[in-house]
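Student: Here it is, the structure, as structure tokens.
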Amino acid sequence: MSSPPPLPPRPGAHLLVGAVDGHVHACPHRNARSLDVFDAVEQAAAAGMRAIGLMDNFCSSVGYAALARRRLGHLGVEVFGGVVLEPQVGGLSVEVVEAALALGYADDDEPHPADGARFVSLPTHHTRAVARMEGRDANYVAAGTDDVWEFLTKVTVWIQDSERHGLE
Ligand SMILES: [Zn+2]
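Spelled out as structure tokens, the structure:
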């Protein structure tokens, strides 16, 4: 497999050399995307970037990152994923986090050191008001909350569950 062609010179392109962008939306989505995960890795390599983090609000991005590393690891860009605890992903769930931390392509039953979630985020589009504003469907809106205290209670319980499971 050959390296992607270099990008045409652009002002400020030198700032990307060695950069890490931890918030790249290139995973499959309900809305159109301008590039897919492989495109993003190839463009990052062409720009000389060190790493990209795949962000996805509908599922864990850990598997996409593992697949991209397996397919395009020769380009030298570190690709990492994580999980945003949106209702569609499983919500504030210790089990969702545990699965994301363990997901990858194990070699001889040993996890690859780059596998597993590199970030865990609280929900970002979870309130009904935001979901309505974003035009989400009825199921998405119903899974959200209007009550900040309800949400904070869920977060508190989740943190307590995480500590009981030994997650830091
Ligand atoms: Zn985002």
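The opening position of the sequence shown corresponds to residue 4 in the working numbering, with each subsequent residue numbered one higher. Every residue gets a Cβ at the ideal spot worked out from N, C-alpha and C, and that includes glycine.
1) Which value, in whole angstroms, describes the spacing of the CA atoms of S3 and V87?
2) Using a threshold of 6 Å, is the CB atom of Q58 nearer than that to any non-hydrogen atom of ligand 1?
3) Would you mind reading off the limits of the beta strand (DSSP E) that contains D24?
4) Under 6 Å Cβ to Cβ from S165, same chain only, skipping five residues before and after it: list those, please.
5) According to DSSP, is A105 part of a helix, a strand, or is it coil?
6) Between which two residues does the beta strand (DSSP E) carrying L57 extend?
7) Would you kindly work out how many angstroms separate the C-alpha atoms of A105 and R167, rounded to a whole number?
8) Decide if the stretch 118–134 is in contact with the stretch 78–93; the criterion is three or more beta carbon pairs, one per stretch, under 8 Å apart.
9) Rounding to the nearest angstrom, what Cα-Cα distance links N142 and L95 in this structure?
10) Between G21 and G56, is the Cβ-Cβ spacing less than 7 Å?
11) Examine the Cβ distances between the stretch 26–45 and the stretch 61–75 and report whether three or more of them are shorter than 8 Å.
12) State buried or exposed for H77, treating a residue as buried only when at least 16 other CB atoms are found within 10 Å of its CB.
Tutor: Walking through what the data contain:
1) Limits of the chain in this structure are 4 at one end and 171 at the other, which puts residue 3 out of reach.
2) In the sequence shown, counting from the first residue as 1, residue 58 sits at position 55. In the sequence as displayed, the identity of residue 58 is Met instead of Gln. For M58, the Cβ falls inside the 6 Å cut-off from some heavy atom of ligand 1.
3) Mapped onto the sequence shown, residue 24 falls at position 21. V23 to V27 is the span of the beta strand (DSSP E), which, as asked, contains D24.
4) Stepping through the sequence shown from its first residue, residue 165 is reached at position 162. Shown here for S165: same chain residues with a beta carbon closer than 6 Å to its own, the five before and five after excluded, namely V97 in chain order.
5) Sequence index remark: in the sequence shown, residue 105 carries index 102 (1-based). Of the three classes helix, strand and coil, the one that applies to A105 here is helix, per DSSP.
6) The count along the sequence shown starts at 1 and reaches residue 57 at position 54. Residues A54 to L57.
7) In the sequence shown, the residue the question calls residue 105 occupies position 102. In the sequence shown, the residue the question calls residue 167 occupies position 164. So the two alpha carbons sit approximately 18 Å from each other.
8) Contact check between the stretch 118–134 and the stretch 78–93: three or more CB pairs, one atom from each, fall below 8 Å, which counts as touching.
9) The sequence position of residue 142 within the sequence shown is 139, counting from 1. The sequence position of residue 95 within the sequence shown is 92, counting from 1. Each residue's Cα considered, the two are about 17 Å apart.
10) As a position in the sequence shown, residue 21 is number 18, starting the count at 1. As a position in the sequence shown, residue 56 is number 53, starting the count at 1. Remark: C-beta atoms of G21 and G56 do not approach each other more closely than 7 Å.
11) Yes: at least three Cβ pairs fall under 8 Å.
12) Here residue 77 is taken as the residue at index 74 of the sequence shown, counted from 1. Under this definition H77 is an exposed residue.
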